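Here's the structure, in structure tokens; my notes come after.
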Amino acid sequence: LHDYSFFLPGGIFEYVESGPMGAEELAFRFAVNTINRNRTLLPNTTLTYDTQKINLYDSFEASKKACDQLSLGVAAIFGPSHSSSANAVQSICNALGVPHIQTRWKHQVSDNKDSFYVSLYPDFSSLSRAILDLVQFFKWKTVTVVYDDSTDQQSINKKLWTGKQKPGVLFPVLLLNYWYNFRKEKEGIEMTTESRYDALGIQVAALI
Numbered sequence: 001l002h003d004y005s006f007f008l009p010g011g012i013f014e015y016v017e018s019g020p021m022g023a024e025e026l027a028f029r030f031a032v033n034t035i036n037r038n039r040t041l042l043p044n045t046t047l048t049y050d051t052q053k054i055n056l057y058d059s060f061e062a063s064k065k066a067c068d069q070l071s072l073g074v075a076a077i078f079g080p081s082h083s084s085s086a087n088a089v090q091s092i093c094n095a096l097g098v099p100h101i102q103t104r105w106k107h108q109v110s111d112n113k114d115s116f117y118v119s120l121y122p123d124f125s126s127l128s129r130a131i132l133d134l135v136q137f138f139k140w141k142t143v144t145v146v147y148d149d150s151t152d153q154q155s156i157n158k159k160l161w162t163g164k165q166k167p168g169v170l171f172p173v174l175l176l177n178y179w180y181n182f183r184k185e186k187e188g189i190e191m192t193t194e195s196r197y198d199a200l201g202i203q204v205a206a207l208i
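Structure (structure tokens):
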């Protein structure tokens, strides 16, 4: 890496039309800028980047953008996050031996075909333990956990129920689409009489 003056990662990000820049793209840009400002991390190397936006669940567009970025000579591809698009990009990266950095939970495959990927998604045990720690610290009796993916829901729910240390804590679940407006559901949670509403709980749950 230090033999090169420039290092070019690529980022492919899904977006909702007329929506703001997503958290993953913001994090990607922030990370590149932070590394460039700290010259002790990659001395004699400057990170540049190429970012592309695609529609949600458009695996064809994701494949095309990945090929466009590879033609530019990107050293790695970051994203996209949803399964169909991510799998399409992963197949291309596997074929060409290019690292694929993912931010979604991914089943570990026994045949080791996907050997060119790095997952930044926290382990479900760690996520569940963090939720339980918050529940116990704030002495909550009811916690609403919000998901935008059914796989996340099944995996974290299993950890919550098997790892729960205090009896009597309820874990209602909301499964929302990626583009779902959470405002109405948030208002409903605020009005519940089952337990005290706490903004921190909603913010943490919405991040999952």
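Residues in the sequence shown are numbered consecutively from 1, following UniProt numbering.
In this text, a Cβ means the ideal position worked out from N, Cα and C, and glycines have one as well.
All values derive from a computational prediction rather than experimental measurement.
Look at Asn44 here: in three-state DSSP terms it is coil, with no helix or strand label. Rounded to the nearest whole angstrom, the C-alpha separation of Phe13 and Leu132 is 31 Å. For Asp133, the enclosing alpha helix (DSSP H) stretches over residues 124-138.
Remark: C-beta atoms of Ile92 and Pro9 do not approach each other more closely than 9 Å. Sorting Ala31, Ser63, Asp123, Thr40 by C-alpha distance to the C-alpha of Asn94 places Ser63 at the top. Rounded to whole angstroms, the gap between the alpha carbons of Ile54 and Lys139 is 42 Å. The beta carbon of Ser84 is closer than 6 Å to those of Tyr57, Ser59 in its chain, skipping five residues each way along the sequence. DSSP places Ser119 inside the beta strand (DSSP E), whose first and last residues are 117-119. Scanning Glu61, Asp50, Gly79 for the CA closest to the CA of Gly73 turns up Asp50. In the three-state DSSP reduction, Glu61 falls in the helix class (H, G or I). Under the three-state reduction of DSSP, Thr103 is assigned to coil, being neither helix nor strand. For Glu25, the enclosing alpha helix (DSSP H) begins and ends at 23-37. Remark: C-beta atoms of Glu17 and Ser81 do not approach each other more closely than 9 Å.
Comparing C-alpha distances from Ala66 to each of Ser128, Gly11, Phe124, Ser125 shows the shortest one belongs to Gly11. In the DSSP secondary-structure assignment, Pro9 is bridged to Ala76. Taking Asn87 as the centre and dropping the five residues before and after it, the same chain places no C-beta closer than 6 Å to its C-beta. Per the C-alpha coordinates, the member of Leu47, Val89, Gln69 positioned closest to Phe28 is Leu47. With respect to Val98, Ala130 sits apart: the two C-beta atoms are not nearer than 9 Å. Counting along the chain, no beta strand (DSSP E) covers Lys141, and no H or E run does either. In this structure, Thr103 sits near Leu120, with a CB-CB distance shorter than 9 Å. In this structure, Thr45 lies away from Phe78, with their beta-carbon atoms at least 9 Å apart. Within 10 angstroms of the beta-carbon of Ser126 lie fewer than 16 other beta-carbons, which makes it exposed.
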